[in-house]
Structures are given as C-alpha cells and as structure tokens.
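Numbered according to the working numbering, the sequence shown spans residues 1 to 235. Structure record follows, encoded as structure tokens.
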Amino acid sequence: HRPLVTYGFNEGSDVRATNITQKNRQMHFDVVCKKYDQSFCVELNLIGRHNILNTLAAIGVACELDISVDIIQSALKTFSGVARRLDYHGTLNIAERSVALFDDYGHHPNEINAVFESLYSTYQDRRLVVIFQPHRYSRTRDLFDDFARALSKADALILLDIYPASEQPIAHINSGTLADAIRQRSSLDPVVIKNTDEVLKVLPNVIQNNDVVLTLGAGDIHVLPALLTQEYAGS
Numbered sequence: 001h002r003p004l005v006t007y008g009f010n011e012g013s014d015v016r017a018t019n020i021t022q023k024n025r026q027m028h029f030d031v032v033c034k035k036y037d038q039s040f041c042v043e044l045n046l047i048g049r050h051n052i053l054n055t056l057a058a059i060g061v062a063c064e065l066d067i068s069v070d071i072i073q074s075a076l077k078t079f080s081g082v083a084r085r086l087d088y089h090g091t092l093n094i095a096e097r098s099v100a101l102f103d104d105y106g107h108h109p110n111e112i113n114a115v116f117e118s119l120y121s122t123y124q125d126r127r128l129v130v131i132f133q134p135h136r137y138s139r140t141r142d143l144f145d146d147f148a149r150a151l152s153k154a155d156a157l158i159l160l161d162i163y164p165a166s167e168q169p170i171a172h173i174n175s176g177t178l179a180d181a182i183r184q185r186s187s188l189d190p191v192v193i194k195n196t197d198e199v200l201k202v203l204p205n206v207i208q209n210n211d212v213v214l215t216l217g218a219g220d221i222h223v224l225p226a227l228l229t230q231e232y233a234g235s
C-alpha cells in the first residue's frame, strides 16, 4: 500500500500553505503538515504560486521520509531555484531608463501564464515587457490560440522568429501571424524581429522607466540576458 499525500491551499490538504506573504523576490508562508501535527514557517527565495505548490510537494515527500522540520526549513531557505526559471539578472540602464531583467525557459502557454502571474504579483505597479521566442513550428501551430491568449497579457511584446529545433517550417505559422492574432484579441502591438541581435536595436524604443523585462523561451534566446547585461549593465 502506497501512501497518498495531498498538498495545496485548501484546509483538507495533508500539506497546506497559509499566511502567505511576499517581499521583493522572496516568499514567506506557514506550512501545516498533518503527519507532523504541527505548522512551521518557510522562507523561499522564489516567487509565484506555482513555486509554493512545488515546495509543498517536496515537503510532502520529506515528511513521508521523516525528515525533520529544521532540515526542511534550512534546505528551502538556501535553495535558489533551477537554471532559467525566473532567473533575476539585475538592473539594466537603457537609454537612461532603469529596468529589472528576468529570464525564463517557459515555452508553453501554461508556463507563460504562471511566469506572468508571478511577476505581476511581485511587481504590481510596473509594466511587463516580454521578449519571446516561440519554440517549434508544430507547438506554435497546435497551441496557437493559447499562445496568443497568454502573450496578450503582457504590456509590451517583442517576438523573435520561431526557433525550429530541427523542424521544417509550416505554412502560415510564424511570429508574424502570431502577432496578428495577438493584435486581434488585445490592444497590444507586438514588435516582430528576426533574432536576438535585433533586440538590442528595438528594446530602447519599447521600454519605459521602471519596467520589468522578461526574456522567455527554450531556443537560443538563452544567450540574450548575457548580451543585454553586457550592453546595458546597471547597478
């Protein structure tokens, strides 16, 4: 017989998060663990509701393995996340405007929604400028409407060409048609460019002071944060 452990935000969950607070890029919350018949506080150097759920799942496993609360708390306090998952790259100064730079591997509409929710909840009074590189023609085709819906939630959007990942082009599936679909459902007017090099040319015309800039995708866009940091290193 294998144990079934539930986790979430509802009172019926075996491992539950309560009293959630967030400051800057850090979250604090209490964990109620039925197995240990106690609650304890957690400090997490990550943002976003999805990361709380991931943390609760890990805590559930730890509790089943009888790992002590002290060890759980210590491990989570020092955990800085995994590469390319809302990585913070500091502040950039672009044309006398200060922006915060983040990078994420997200390339599926559900991931995009989760990342947007995390950043909007953390920076509620700031615009979100997204630089997105779609990954694979087939994925873009199959989830076309979902991509348009998710990306239309940005305040400004720069779209790179689709990263093919060895696939052949598909007729009428490209960043231009995706931009058109976004324009039809929102007031957003995406800027469509070819590659990461062109970002340096167009970004100064897109951003405003105090924006949050997010580079997003699973292709070679991963080189962009280093390029931007080298070009526009701030404080």
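From the three backbone atoms N, C-alpha and C, an ideal C-beta is built for every residue, glycine too.
Run through the DSSP bridge pairs and tell me what residue i is partnered with.
i      : result
Tyr120 : In the DSSP output, where bridge partners are listed per residue, Tyr120 has none listed.
Lys23  : Gln26
Leu44  : Met27
Ala17  : Val31
Val192 : Leu159
Pick from the options: whose alpha carbon is nearest that of residue i?
i      : options                           : result
Val42  : Thr18, Leu65 and Gln124           : Thr18
Pro164 : Leu157, Lys194 and Pro190         : Lys194
Lys153 : Asp142, Asn110 and Ser138         : Asn110
Phe132 : Asp146, Tyr105 and Asp145         : Tyr105
Thr229 : Lys23, Ala57, Asp103 and Asn45    : Asp103
Ile182 : Gln26, Gln22, Arg127 and Asp155   : Asp155
Leu44  : His28, Lys201, Ser186 and Glu117  : His28
Arg141 : Ala150, Val130, Phe116 and His172 : His172
Tyr88  : Ala95, Ile94, Thr78 and Val99     : Val99
Thr78  : Val15, Leu46 and Asn113           : Leu46
Ala114 : Leu86, Ser13, Ser186 and Arg25    : Leu86
Asp37  : Leu159, Val69 and Ala218          : Val69
Leu4   : Arg126, Lys35, Lys23 and Asp30    : Lys35
Val191 : Ser166, Ser74 and Val129          : Val129
Ala150 : Lys201, His222, Lys23 and Leu216  : Leu216
Along the chain, where does the alpha helix (DSSP H) that runs through residue i open and close?
i      : result
Gln168 : Unbroken run through Gln168: none, as it is neither H nor E.
Arg97  : Looking at the DSSP string, Arg97 is not in any alpha helix (DSSP H); the run it does join, the beta strand (DSSP E), is Arg97 to Asp104.
Lys201 : Thr196 to Val206
Ala226 : Leu224 to Tyr232
Gly12  : Here Gly12 belongs to no alpha helix (DSSP H), and DSSP marks it neither H nor E.
Ile221 : Premise fails: Ile221 is in no alpha helix (DSSP H) and is neither H nor E.
Leu178 : Ser175 to Arg185
Let's see if you can read the secondary structure: which residues bound the beta strand (DSSP E) around residue i?
i      : result
Thr91  : Asp87 to Ile94
Asn213 : Residue identity check: residue 213 is Val in the sequence provided, not Asn. Residues Val212 to Gly217.
Original post:
Which runs of the beta strand (DSSP E) spanning at least 3 residues fall entirely within the region 126 to 161, listed in chain order?
Top reply: Counting whole runs of 3 or more residues, the region 126 to 161 contains the beta strand (DSSP E) stretches 128 to 133 and 156 to 159.
Original post:
Within the chosen definition, does the region 63 to 80 reach the region 174 to 188 through at least 3 CB pairs nearer than 8 Å?
Top reply: By the Cβ test, the region 63 to 80 is not in contact with the region 174 to 188, since fewer than three Cβ pairs between them sit closer than 8 Å.
Original post:
Can you find at least 3 beta carbon pairs, one from the region 115 to 133 and one from the region 210 to 223, that sit closer than 8 Å?
Top reply: Three or more Cβ pairs drawn from the region 115 to 133 and the region 210 to 223 lie within less than 8 Å of each other, which places the two stretches in contact.
**OP:** Could you tell me which uninterrupted alpha helix (DSSP H) segments, each at least 4 residues in length, are contained entirely in the region 41 to 84, listed from first to last along the chain?
**Re:** If we require 4 residues or more, the alpha helix (DSSP H) runs fully inside the region 41 to 84 come out as 49 to 64 and 69 to 78.
Subject >> Three CB pairs or more closer than 8 Å across the region 6 to 17 and the region 51 to 59 >> reply: When C-beta atoms of the region 6 to 17 are compared with those of the region 51 to 59, three or more pairs fall below 8 Å, so the two segments count as touching.
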